[in-house]
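S.K.: Sharing a structure below in structure tokens format, with a few things to ask.
Protein chains: 2
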Amino acid sequence: MNIYEKRVKDIQKILKVEKLDAMVVTRPFELGFLTGFHLEGYMLLISRLDARAYLPKMLLEHFRSKVDFVKAFAPDSIMDEVISTINSCKLRKTAFEPETETYPRGVFWRKKGLIERKGLTAALRKIKEGAEIEAVRKSCAIASRAFKIMKPRIKPGRTEISICLEIEDIMQSFGAKGPSFNIIIGSGPNSALPHHETSARTVKNNEPVLVDFGCLCDFYCSDITRAFFIGRPPAEYLKIYSIVKKAQEKAVARVRSGVRAKDIDKTARDCISDAGYGQYFIHGTGHGIGLEIHEAPSLNSKSEDILKEGMTVTVEPGIYLPGKFGVRIEDSVLVKKTGCEILT
Amino acid sequence: MNIYEKRVKDIQKILKVEKLDAMVVTRPFELGFLTGFHLEGYMLLISRLDARAYLPKMLLEHFRSKVDFVKAFAPDSIMDEVISTINSCKLRKTAFEPETETYPRGVFWRKKGLIERKGLTAALRKIKEGAEIEAVRKSCAIASRAFKIMKPRIKPGRTEISICLEIEDIMQSFGAKGPSFNIIIGSGPNSALPHHETSARTVKNNEPVLVDFGCLCDFYCSDITRAFFIGRPPAEYLKIYSIVKKAQEKAVARVRSGVRAKDIDKTARDCISDAGYGQYFIHGTGHGIGLEIHEAPSLNSKSEDILKEGMTVTVEPGIYLPGKFGVRIEDSVLVKKTGCEILT
Numbered sequence: 073m074n075i076y077e078k079r080v081k082d083i084q085k086i087l088k089v090e091k092l093d094a095m096v097v098t099r100p101f102e103l104g105f106l107t108g109f110h111l112e113g114y115m116l117l118i119s120r121l122d123a124r125a126y127l128p129k130m131l132l133e134h135f136r137s138k139v140d141f142v143k144a145f146a147p148d149s150i151m152d153e154v155i156s157t158i159n160s161c162k163l164r165k166t167a168f169e170p171e172t173e174t175y176p177r178g179v180f181w182r183k184k185g186l187i188e189r190k191g192l193t194a195a196l197r198k199i200k201e202g203a204e205i206e207a208v209r210k211s212c213a214i215a216s217r218a219f220k221i222m223k224p225r226i227k228p229g230r231t232e233i234s235i236c237l238e239i240e241d242i243m244q245s246f247g248a249k250g251p252s253f254n255i256i257i258g259s260g261p262n263s264a265l266p267h268h269e270t271s272a273r274t275v276k277n278n279e280p281v282l283v284d285f286g287c288l289c290d291f292y293c294s295d296i297t298r299a300f301f302i303g304r305p306p307a308e309y310l311k312i313y314s315i316v317k318k319a320q321e322k323a324v325a326r327v328r329s330g331v332r333a334k335d336i337d338k339t340a341r342d343c344i345s346d347a348g349y350g351q352y353f354i355h356g357t358g359h360g361i362g363l364e365i366h367e368a369p370s371l372n373s374k375s376e377d378i379l380k381e382g383m384t385v386t387v388e389p390g391i392y393l394p395g396k397f398g399v400r401i402e403d404s405v406l407v408k409k410t411g412c413e414i415l416t
Numbered sequence: 073m074n075i076y077e078k079r080v081k082d083i084q085k086i087l088k089v090e091k092l093d094a095m096v097v098t099r100p101f102e103l104g105f106l107t108g109f110h111l112e113g114y115m116l117l118i119s120r121l122d123a124r125a126y127l128p129k130m131l132l133e134h135f136r137s138k139v140d141f142v143k144a145f146a147p148d149s150i151m152d153e154v155i156s157t158i159n160s161c162k163l164r165k166t167a168f169e170p171e172t173e174t175y176p177r178g179v180f181w182r183k184k185g186l187i188e189r190k191g192l193t194a195a196l197r198k199i200k201e202g203a204e205i206e207a208v209r210k211s212c213a214i215a216s217r218a219f220k221i222m223k224p225r226i227k228p229g230r231t232e233i234s235i236c237l238e239i240e241d242i243m244q245s246f247g248a249k250g251p252s253f254n255i256i257i258g259s260g261p262n263s264a265l266p267h268h269e270t271s272a273r274t275v276k277n278n279e280p281v282l283v284d285f286g287c288l289c290d291f292y293c294s295d296i297t298r299a300f301f302i303g304r305p306p307a308e309y310l311k312i313y314s315i316v317k318k319a320q321e322k323a324v325a326r327v328r329s330g331v332r333a334k335d336i337d338k339t340a341r342d343c344i345s346d347a348g349y350g351q352y353f354i355h356g357t358g359h360g361i362g363l364e365i366h367e368a369p370s371l372n373s374k375s376e377d378i379l380k381e382g383m384t385v386t387v388e389p390g391i392y393l394p395g396k397f398g399v400r401i402e403d404s405v406l407v408k409k410t411g412c413e414i415l416t
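Protein chains in written order, with the working numbering: chain A, 73 to 416; chain B, 73 to 416.
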């Protein structure tokens with residue numbers, strides 16, 4: 073039994089526990105997670121007994137060549153065929169996951185009698201297993217290694233974009249498929265914009281740089297941020313940097329199975345607030361990484377998540393002084409029983 | 073008045089015609105189209121009189137520095153604040169676009185009394201204007217130019233992935249931001265899978281290759297497919313190639329303002345069916361390209377779209393013989409009054 077077959081079996085166990093007859097799966101991330109077939113445009117209907125895929129004709133042969141434990145069909149109308157199977161197999165309690173569904177599809181499912189049930193696949197996706205951990209670990213290792221090579225090449229006179237393209241190239245040369253998100257190279261005051269769009273601005277001497285990057289490797293994401301100063305850093309930069317550094321280290325030190333995600337956020341936030349910069353820490357402390365660059369759990373003040381062994385999350389506090397500079401320090405970590413492993 | 077301000081004004085005209093007081097916009101493609109600010113996580117509320125943006129705190133300063141004609145706010149709860157403004161400004165008929173909305177958000181809007189109205193921003197996005205046409209043209213030119221350089225380098229012994237990475241590099245060196253989708257390099261029997269996932273397979277002598285690629289340039293996509301044979305093509309390949317070539321040329325020749333999109337599909341489909349290969353043409357003939365790689369209009373047998381001047385679409389019939397080979401020929405074209413301009 074391969075890893076995907078096992079995941080579908082896990083979903084079937086969840087269906088039983090949740091007293092559901094079946095569920096539909098429609099979003100590429102969940103589809104790829106359950107079958108290993110990562111393309112979009114198809115759907116799964118998983119009952120307690122079997123799993124069926126409904127595909128456009130152009131994907132049928134392709135799917136069959138890759139996935140042998142799911143029955144595959146290419147009907148004229150995929151959604152009508154799903155409903156017709158639900159009816160003919162008497163799958164009376166069939167669920168869809170509202171949080172992964174589009175509005176038109178969700179409305180269609182409701183009209184046809186399907187019920188909403190949150191977090192069915194998310195429960196599996198949050199906790200990473202063997203091959204997934206290896207993929208995140210590899211993705212993080214490639215990004216880290218690429219930055220070591222890249223950092224000395226970030227010099228005055230280079231544009232943000234040229235730095236971005238080169239780090240992408242280095243990661244690809246180490247086996248990454250591509251970046252895991254739009255890489256942020258923020259130089260000078262641009263470093264104060266947490267989601268700055270990498271621009272044609274030239275890095276100057278005696279100014280800060282913020283680099284937020286990561287890659288995709290075997291479909292899994294890495295995410296790292298490094299902040300540093302080109303030239304001789306002024307006292308204010310050193311001060312802000314050391315506050316963020318301390319906040320990040322304290323937050324990372326608290327990560328272990330059983331801790332509430334919001335307490336990790338509180339640790340970092342208290343540290344920055346105590347230093348007098350609370351109003352400049354304008355985002356959450358972290359997020360899960362996996363097939364998606366932002367996925368469950370959330371590490372912010374409103375999070376209801378509890379960290380568990382096998383979760384892979386980022387820890388990334390920051391301070392942003394508008395018009396001046398910003399510092400964010402981010403690592404990706406693997407949650408363990410008694411602590412965490414820093415992957416980056 | 074810049075191009076984005078004009079687009080918001082155009083939306084306000086549509087609101088008037090549609091007898092709406094306001095609309096919410098929530099998806100990054102529509103948000104970027106209307107403001108030039110392409111990040112996710114924020115929302116717009118456009119009334120007939122003004123436009124407001126509701127952002128997470130981390131994006132507020134960034135948004136303000138880029139967009140000066142929209143009032144920007146960073147409330148604690150974005151969706152609650154949107155509703156509160158709708159109520160306090162008495163925007164009784166406020167619409168959301170169901171086709172761009174997630175299920176949880178759509179349900180929320182409905183509960184709060186918003187109404188569904190399809191195609192409000194799509195009406196503007198379908199027809200490209202000056203700067204958009206230039207961006208698509210540039211994106212297509214870069215992809216075409218890259219392929220000219222790349223084609224002689226596609227030789228026996230190279231892996232599909234290495235070809236993919238090199239064409240990406242070349243496009244980036246010409247100013248592209250990255251690929252506009254997962255580039256497909258299908259060698260040998262892989263060419264028979266329309267959405268083959270580029271693999272570590274090595275290209276061999278005397279076999280077909282299919283290359284489906286494009287880039288992102290100034291946020292706009294290009295899309296091209298070329299099929300060819302390494303070595304001496306057998307008669308069957310030449311026959312299939314010439315059928316697809318003829319179908320593609322005939323379909324392109326029919327493209328002009330006023331023609332029904334489904335008639336372009338019929339032209340290509342009839343050509344391939346008449347040659348006896350109808351069952352192997354397993355997808356639609358084309359799609360719009362713009363900010364998204366697949367957007368309105370659709371060029372397939374069920375499409376209700378009418379082509380209009382300023383639309384940018386692909387024309388890409390194909391024949392796929394399972395386990396043997398596939399041929400698809402795709403160009404991106406700009407619809408004009410009396411014909412079309414081939415951009416690739």
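Using N, Cα and C, we set each Cβ at its ideal position, and we do this for glycine too. Keep in mind the model is a prediction, meaning the values are calculated, not measured.
What's the C-alpha gap between Phe291(A) and Ser271(B)?
M.R.: Rounded to whole angstroms, Phe291(A) to Ser271(B) spans 13 Å at the Cα level.
S.K.: Can you tell me which of the three DSSP states Gly350(B) falls into?
M.R.: Gly350(B): helix per DSSP, three-state reduction.
S.K.: Could you work out which residues of chain B lie near Gly360(A), taking near to mean beta carbons separated by less than 8 Å?
M.R.: Going along chain B, no residue has its Cβ under 8 Å from Gly360(A), so there is no contact; the nearest lies around 16 Å.
S.K.: Starting from Leu393(A), trace the beta strand (DSSP E) both ways and give me its first and last residue.
M.R.: 390–393
S.K.: Please name the residue or residues paired with Ala272(B) in a DSSP beta bridge.
M.R.: Ala272(B) is not bridged to any residue.
S.K.: Using the beta-carbon of each residue, which ones in chain B are nearer than 7 Å to Pro266(A)?
M.R.: Met130
S.K.: Leaving out five residues on either side along the sequence, give the residues of the same chain with a beta carbon under 6 Å from the beta carbon of Phe141(A).
M.R.: Glu77
S.K.: Could you tell me whether the Cβ atoms of Ile401(A) and Gln320(A) are closer together than 7 Å?
M.R.: Contact flag set, yes.
S.K.: Helix, strand or coil: how does DSSP classify Asp152(B) here?
M.R.: helix
S.K.: Of the residues Val387(A), Ser329(A), Phe105(A), Glu367(A), which one's Cα is nearest the Cα of Thr410(A)?
M.R.: Ser329(A)
S.K.: Counting only C-beta atoms, is Ile354(A) closer than 7 Å to chain B at any point?
M.R.: yes
S.K.: My guess is that Phe168(A) and Met95(A) are in contact by the Cβ rule of under 8 Å, so how many angstroms apart are they, rounded?
M.R.: 7 Å
S.K.: At least one CB of chain B closer than 7 Å to the CB of His366(A): is that the case?
M.R.: no
S.K.: Report the residue from Thr357(A), Lys162(A), Met115(A) whose alpha carbon sits nearest the alpha carbon of Asp93(A).
M.R.: Lys162(A)
S.K.: Looking at the C-beta of Pro170(A), does it have a partner C-beta in chain B at a distance below 7 Å?
M.R.: It does; some Cβ of chain B falls within 7 Å.
S.K.: Hey, would you say Ala299(A) sits closer than 7 Å to Pro394(A), going by beta carbons?
M.R.: Not a contact, by the Cβ cut-off of 7 Å.
S.K.: Comparing the C-beta of Lys402(B) with each C-beta of chain A, is any distance below 7 Å?
M.R.: The sequence given here places Glu at residue 402(B); Lys does not occur at that position. Glu402(B) does not count as touching chain A.
S.K.: What residues from the region 302–324 of chain B come within 9 Å of chain A, judged by C-beta to C-beta, listed N to C?
M.R.: Of all residues in the region 302–324 of chain B, none has a C-beta nearer than 9 Å to a C-beta of chain A.
S.K.: Who does Ile302(B) pair with in a DSSP beta bridge?
M.R.: Glu279(B)
S.K.: Name the two residues that bound the continuous alpha helix (DSSP H) containing Phe141(B).
M.R.: Premise fails: Phe141(B) is in no alpha helix (DSSP H) and is neither H nor E.
S.K.: Extract the residue ranges of the beta strand (DSSP E) inside the region 85–170 of chain B, only unbroken runs of 3 or more that lie entirely within it.
M.R.: 94–97, 115–119, 123–126, 143–145, 166–168
S.K.: Which residue marks the beginning of the alpha helix (DSSP H) containing Val208(A), and which one marks its end?
M.R.: Per DSSP, Val208(A) belongs to the alpha helix (DSSP H) from 202–222.
S.K.: Identify whether Ile365(A) lies in helix, strand or coil by the three-state DSSP scheme.
M.R.: Shown here, Ile365(A) sits in coil according to DSSP, grouped into three states, outside any helix or strand.
S.K.: What do you reckon, are the CB atoms on Ile118(B) and Ile158(B) nearer than 7 Å?
M.R.: no
S.K.: Specify, as a first and last residue, the run of the alpha helix (DSSP H) that Arg225(A) falls within.
M.R.: Where Arg225(A) is concerned, there is no enclosing alpha helix (DSSP H), given that its DSSP letter is neither H nor E.
S.K.: Could you check which residue in Gly260(B), Cys287(B), Val399(B), Ser149(B) has the C-alpha nearest to that of Asn277(B)?
M.R.: Gly260(B)
S.K.: Indicate whether Met243(B) and Ala218(B) have their beta-carbon atoms separated by less than 7 Å.
M.R.: yes
S.K.: Return the residues of the region 216–229 of chain B that lie within a Cβ-Cβ distance of less than 8 Å from chain A, sorted by chain order.
M.R.: With the criterion set as a beta carbon lying under 8 Å from some beta carbon of chain A, the region 216–229 of chain B has no members that meet it.
S.K.: Out of Glu102(A), Leu106(A), Leu121(A), Thr98(A), which has the shortest C-alpha to C-alpha gap to Leu127(A)?
M.R.: Thr98(A)
S.K.: List, in chain order, every chain B residue whose beta-carbon is nearer than 8 Å to that of Leu111(A).
M.R.: His267, Glu269
S.K.: If we cut at 7 Å on Cβ distances, does Gln16(B) have a partner in chain A?
M.R.: Past the edges of chain B, shown from 73 to 416, lies residue 16(B), and the structure says nothing about it.
S.K.: Counting contacts by CB-CB distance shorter than 7 Å, is Leu117(A) in contact with chain B?
M.R.: No - not a single Cβ of chain B is within 7 Å of the one on Leu117(A).
S.K.: Taking the alpha-carbon of Pro228(A) as reference, which of Arg304(A), His267(A), Arg197(A) has the nearest alpha-carbon?
M.R.: Arg304(A)
S.K.: Determine the chain B residues that contact Gly178(A) at a beta-carbon separation under 9 Å, and present them in chain order.
M.R.: Thr174, Tyr175, Pro176, Gly178, Val179
S.K.: Determine, using beta carbons only, whether Glu279(A) comes closer than 7 Å to chain B.
M.R.: By the rule that beta-carbons nearer than 7 Å mark a contact, Glu279(A) does not touch chain B.
S.K.: What residues from the region 375–395 of chain B come within 7 Å of chain A, judged by C-beta to C-beta, listed N to C?
M.R.: Only Pro394 from the region 375–395 of chain B bring a Cβ to less than 7 Å from some Cβ of chain A.
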